[in-house]
Amino acid sequence: MNPQAKLIFTISLLLGTTITISSNHWIMAWAGLEINTLAILPLISKSHHPRSIEAATKYFLTQAAASTLVLFSSMTNAWHTGQWDITQLSHPTSSLILTSAIAMKLGLVPFHFWFPEVLQGSPLLTGLLLSTIMKLPPITLLYMTSPSLNPTLLTTLAILSTAVGGWMGLNQTQIRKILAFSSISHLGWMAIIIIYNPKLTLLNFYLYTMMTAAVFLTLNSIKVLKLSTLMTAWTKIPSLNAMLLLTLLSLAGLPPLTGFLPKWLIIQELTKQEMIPAATLISLLSLLSLFFYLRLAYCTTITLPPHTTNHMKQWHTGKSTHVLIAILTTMSVILLPISPMILTIS
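In full-length UniProt numbering, the protein residues as written are 1 to 346.
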């Protein structure tokens, strides 16, 4: 893809996201979502591989259906209340339809089937965009309509997402699919708290985006797509692999690392809201995803492949690591001690 086209699509992505997150009117928010969808399609299908074309088609169909539902829910609300303002979503049927539409856009269970397939068919950097920046507009819409959403429905979707994201990631060997199920699991944590403390959802999303960006950029730097190639990639940039181990454990939410912060705060908020069974269940279900993060971490740094198989040792690339990866990885590991400051800012 030539640089001019790539620049146009990137600017369109930023424009679509900005329009949605800054709009008050439903039609403007819908237009931003549509611009976003159309801008990411060429980036998914740019390799012209049949799997990429399939991924782009699946993405287009699901996003088009979700956008139609967003429009339908806003029209139903306007029909009953005369309000086109996003924050005035007071009709219960409209909020139910909107929750389903946003769940479809984000890839929450039971609308998650498209997401692993699309991520598997995309290049790593496009996968990073799909997992992070493309999730921001729908989460912003949830944030703005959070007072009128149905708590039971969202809690059910959240617990199912954490369960399915953990279970289905267990037997995967493709790293992009593992990261897709990890994303579904994290979205469950965000969805469960959005009604009670929306700012906590945004904090969780920002930290998740930072850690996922660090993982995707590292994998792109060492050119790894499967677990089997990850095992032999440690010779390329050994120091980067060691840091990837810490970033993965942070994504899993282990205590001394940054990823523990949102989980800790969400469990605390849920207990304040007297939702102790939900907090216990979602904490236990996150152990499932911890297993596949540990498997990734194990393959990254701890194991050498068995010597019975013939394999080529990778050359040490010798090139310096990108500054962005260094900054993101460091932040993914050491932000927990300054959490009071982060909470004050947010």
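Ideal placement from N, C-alpha and C gives every residue a C-beta, glycine not left out.
Cα-Cα separation between residue i and residue j, rounded to whole angstroms
i           : j      : result
LYS58       : GLY259 : 31 Å
ILE133      : LEU248 : 20 Å
MET231      : ALA297 : 10 Å
LEU128      : THR271 : 33 Å
TRP79       : HIS91  : 10 Å
LEU153      : GLN4   : 44 Å
GLU269      : SER47  : 44 Å
THR20       : LEU98  : 15 Å
PHE9        : PRO198 : 30 Å
residue 348 : THR37  : No statement about residue 348 is possible, as the shown extent of the chain runs from 1 to 346 and does not include it.
SER250      : MET211 : 7 Å
GLN83       : ALA31  : 18 Å
THR87       : SER100 : 17 Å
LYS236      : ILE327 : 20 Å
SER74       : THR81  : 10 Å
LEU281      : LEU265 : 16 Å
Residues bridged to residue i [DSSP beta-bridge criterion]
i      : result
GLN174 : LYS226
HIS25  : ASP85
Proximity of residue i and residue j at Cβ, strictly below 9 Å
i           : j      : result
residue 410 : LEU244 : The shown model of the chain, from 1 to 346, leaves out residue 410, and the question about it has no answer.
PRO50       : MET1   : no
ILE35       : SER45  : no
PRO138      : LEU61  : no
SER346      : GLY165 : no
TRP26       : LEU69  : no
ILE184      : PHE291 : no
MET190      : THR173 : no
ILE222      : LEU203 : no
LEU335      : LEU261 : yes
Cβ separation of residue i and residue j, assumed to be a contact under 8 Å, to the nearest whole Å
i      : j      : result
LEU119 : LEU179 : 7 Å
HIS186 : TYR208 : 5 Å
LEU141 : ILE102 : 6 Å
LEU124 : LEU219 : 6 Å
ALA214 : THR126 : Contact flag wrong, Cβ pair sits at about 17 Å.
**Segments of 4+ residues assigned as alpha helix (DSSP H) that fall wholly inside the region 240-313** = If we require 4 residues or more, the alpha helix (DSSP H) runs fully inside the region 240-313 come out as 260-272 and 276-297.
**Asked** Which runs of the beta strand (DSSP E) fall wholly inside the region 175-207 and span at least 3 residues, in chain order?
**Response** Here no run is fully enclosed.
**Request:** Within the region 49-117, note down every full alpha helix (DSSP H) run reaching 4 residues or more, in order along the chain.
**Result:** Whole alpha helix (DSSP H) segments, 4+ residues: 50-81 and 92-106.
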